[in-house]
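Position in the sequence shown (first residue = 1) + 58 = the numbering used here.
Yeah, the Cβ is synthetic: ideal placement off N, Cα and C, and Gly gets one too.
Working notes for the structure below.
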Amino acid sequence: MKGWWGRILRVDLTNNKVWVQEYSEDVAKNFIGGRGLAAWILWNEAKNVDPLGPDNKLIFASGPFNGLPTPSGGKMVIAAKSPITGGYGDGNLGTMATVHLRKAGYDALVVEGKAKKPVYIYIENDNVSILSAEGLWGKTTFETEKELKEIHGKNVGVLSIGPGGENLVKYAVVISQEGRAAGRPGMGAVMGSKNLKAVVIKGTKEIPVADKEKLRELSQEAYNKILNSPGYPFWHRQGTMAALEWTNENSALPTRNFSDGSFEFARSIDGFTMEGMKVKQRGCPYCNMPCGNVVLDAEGQESELDYENVALLGSNLGLGKLNEVSVLNRIADEMGLDTISLGVAISYVMEAKEKGLIKDDAAPEFGDFKKAKQLALDIAYRRTELGNFAAEGVKAMAEKLGAKDFAMHVKGLEVSGYNCFIYPAMALAYGTSAIGAHHKEAWVIAWEIGTAPIEGEKAQKVEYKITYDPEKAAKVIELQRLRGGLFEMLTACRLPWVEVGLSLDYYPKLLEAITGVKYTWDDLYKAADRVYALIRAYWVREYDGNWNREMDYPPERWFKEGLKTGPHKGEHLEKDKYDALLSEYYKLRGWDERGIPKKETLKEFELDFVIPELEKVTQLE
59 MKGWWGRILR VDLTNNKVWV QEYSEDVAKN FIGGRGLAAW ILWNEAKNVD
109 PLGPDNKLIF ASGPFNGLPT PSGGKMVIAA KSPITGGYGD GNLGTMATVH
159 LRKAGYDALV VEGKAKKPVY IYIENDNVSI LSAEGLWGKT TFETEKELKE
209 IHGKNVGVLS IGPGGENLVK YAVVISQEGR AAGRPGMGAV MGSKNLKAVV
259 IKGTKEIPVA DKEKLRELSQ EAYNKILNSP GYPFWHRQGT MAALEWTNEN
309 SALPTRNFSD GSFEFARSID GFTMEGMKVK QRGCPYCNMP CGNVVLDAEG
359 QESELDYENV ALLGSNLGLG KLNEVSVLNR IADEMGLDTI SLGVAISYVM
409 EAKEKGLIKD DAAPEFGDFK KAKQLALDIA YRRTELGNFA AEGVKAMAEK
459 LGAKDFAMHV KGLEVSGYNC FIYPAMALAY GTSAIGAHHK EAWVIAWEIG
509 TAPIEGEKAQ KVEYKITYDP EKAAKVIELQ RLRGGLFEML TACRLPWVEV
559 GLSLDYYPKL LEAITGVKYT WDDLYKAADR VYALIRAYWV REYDGNWNRE
609 MDYPPERWFK EGLKTGPHKG EHLEKDKYDA LLSEYYKLRG WDERGIPKKE
659 TLKEFELDFV IPELEKVTQL E
């Protein structure tokens, strides 16, 4: 094979065993890499396992674009059965670890078992060691990476967990490069459950490619297109932070636990305010449009911001000072906590206190930065009753309090930065995401509103009317095929396409130059649909067949309440119309009315091996 090594590095921490598994060319072509390879491994190997038990598999998966000079191709997918949802979980991050993993001669690393004491894995090409991490346990992710680079040199990739992962916070993440995070559905907790503090990788091999000169030409051309895009200068200034003004203008900004869509202090936490505070920018490997805007926070320390961090830890908590929001963001990164879920968990506590459901004096109210900061630390260390409670996530908190109407999650994963009282397509994207409520797979709200946040230097407020046209379901699938399929399999960042308009046609051409395999767009869409069907089958199997269409509903708040302010005051989603849109989505996907892939669909995607497993837990159409 060219472009793929066809090799998976396996580490069993229980038995202190390391080996290499080879996989077939058919698997490589059908699942491509990244999320595709991870889903294939989890289906085959993580059946009905305890997410925090030794039998769960923690997968670090790269794709054909990684370790090579491809546009923003420095991504890695980290996947496992999720402790917060009980289904498929993954996330991607930009990291030198993906470059080094590929140059070490592997397409993925799979970790299983549990070490008796804290360890870290050191990989240098074919030499793999399981080393003591007892001196690192308890340290922040920033401290851990710094110490490991002092030991192994700066030219390595480091992935680590903080106290959040060590203490099995259900939304703990894996961190790299002081602010790059992966695995919202608790991948950091899975890593902690294995007593695995970090993975350090150094690779020096040359990745075999089909046409090195063609790859170089295409990549250079694509990099030049990015730099010369009309949208590049504004992107370079604000990055994803441009979305804050835009969502606020269009009643989509999460505000006070998603109870409203606009925030009175939005200007104080938006991209323009960030510009005045910015001290540097950071980017992922092979990226020439860096989005990591670094500011000095209220404690004089560096904090790398993007829109999701600020929306969920800012307006969603009623906090209107960007330097204070930046402190919460930095704490989340140091502790190894997902900024999105942390923000939603704290906002749930705030609203529960407001409603008299939580009496604890330590519980913050909306706008209380000091108590929010204390709660974030208490969550990471699980050191108070309230911190331990909030560390379980919003779904668990809501079930314990019997207060589900304002619990903002789908399938247990907290909603990210778009409030959908009036946006049914985006609500559908959240409902049908492969991991729970996350935006990365179908950022359909820009299409639904009709304008993107960085088309100009002033956000546009759009005349908008709620519609439930069937084309909205088709658009969600189109974007899932690209964002949650193609980019997650390659594995590459979607921002060059989304934000500065790099033509999608570069991606199959680059893939062919790397692998020698000519994929048509139909081939790539089929591969994406194959992965979505397999992931959905995984959910159904892990839920023992207890599956229905309500699993794909967005939070009740968007149906039962209305926006509190703005031109759409009082408006909200209608459940019967959302249901019709969901049925259209299922029909287009070839899934039944419960949201389960039909037999003919599974056969069409060469997933025949899934059918007997699913038929053990449910009846297939």
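The Cβ atoms of F123 and A550 sit closer than 8 Å to each other. The segment 263 to 274 and the segment 196 to 215 do not touch, with fewer than 3 CB-CB distances between them shorter than 8 Å. With respect to the C-alpha of L377, the residue from I404, A166, D418 having the closest C-alpha is I404. When the Cα atoms are used, G394 and E679 turn out to be separated by approximately 42 Å.
In this structure G475 is in contact with Y365, their Cβ atoms being roughly 6 Å apart against a cut-off of 8 Å. If you look at A119, you'll find it in the beta strand (DSSP E) that goes 116 to 119. Secondary structure at M455: helix, using DSSP grouped into helix, strand and coil. Bridge pairing for M134: L151 [DSSP]. Within the same chain, Y365, P511 come within 7 Å of A301 by CB-CB distance, once the 5 residues on both sides are set aside. Closest in C-alpha terms to Q278, from the list T128, F479, Q79, comes T128. In terms of Cβ geometry, E671 and G145 do not form a close pair [threshold 8 Å].
The residues A162, I259, in chain order, have a CB closer than 6 Å to that of I181 in the same chain once the five nearest residues on each side in sequence are set aside. Boundaries of the alpha helix (DSSP H) around N387: 380 to 393. Pairing Y596 with K576, the inter-Cα distance amounts to about 29 Å. Collapsing the DSSP output to three states places E80 in a strand. In this structure, L371 sits away from P482, with a CB-CB distance that is not shorter than 8 Å. Shown here, K657 sits in a helix according to DSSP, grouped into three states.
Between the segment 639 to 650 and the segment 321 to 330 there are fewer than three inter-stretch CB-CB distances shorter than 8 Å, so the stretches are not counted as touching. Residue pairing by DSSP places A166 opposite I66, A119 in a beta bridge.
The segment 455 to 531 contains, as complete alpha helix (DSSP H) runs of 4+ residues, the segments 482 to 490, 503 to 507 (chain order). By the Cβ neighbour-count rule, W77 is exposed, with fewer than 16 other Cβ atoms within 10 Å of its own. Contact between L110 and A137 does not hold, since their C-beta atoms are separated by about 15 Å, which reaches or exceeds 8 Å. When DSSP states are grouped into helix, strand and coil, A191 belongs to the coil group. Secondary structure at N315: coil, using DSSP grouped into helix, strand and coil.
The bridge partners DSSP lists for Q339 are N351. Counting along the chain, K263 sits inside no alpha helix (DSSP H), nor does DSSP assign it H or E at all. Closest in alpha carbon position to H467, among R440, H497, Y439, is H497. L285 is classed as exposed because its beta carbon has fewer than 16 other beta carbons within 10 Å across all chains shown. It is roughly 28 Å from the alpha-carbon of W616 to the alpha-carbon of N446. Here DSSP, grouped into helix, strand and coil, assigns L206 to helix. The DSSP-derived three-state label of I181 is strand. In this structure, the beta-carbon distance from G574 to K133 does not fall below 8 Å.
Rounded to the nearest angstrom, the gap between the Cα atoms of M408 and Y229 is 18 Å.
For the options F479, T490, A448, the alpha carbon positioned closest to that of T305 is the one of F479. The beta carbons of I593 and A155 sit no closer together than 8 Å.
DSSP links W649 through a beta bridge to P655.
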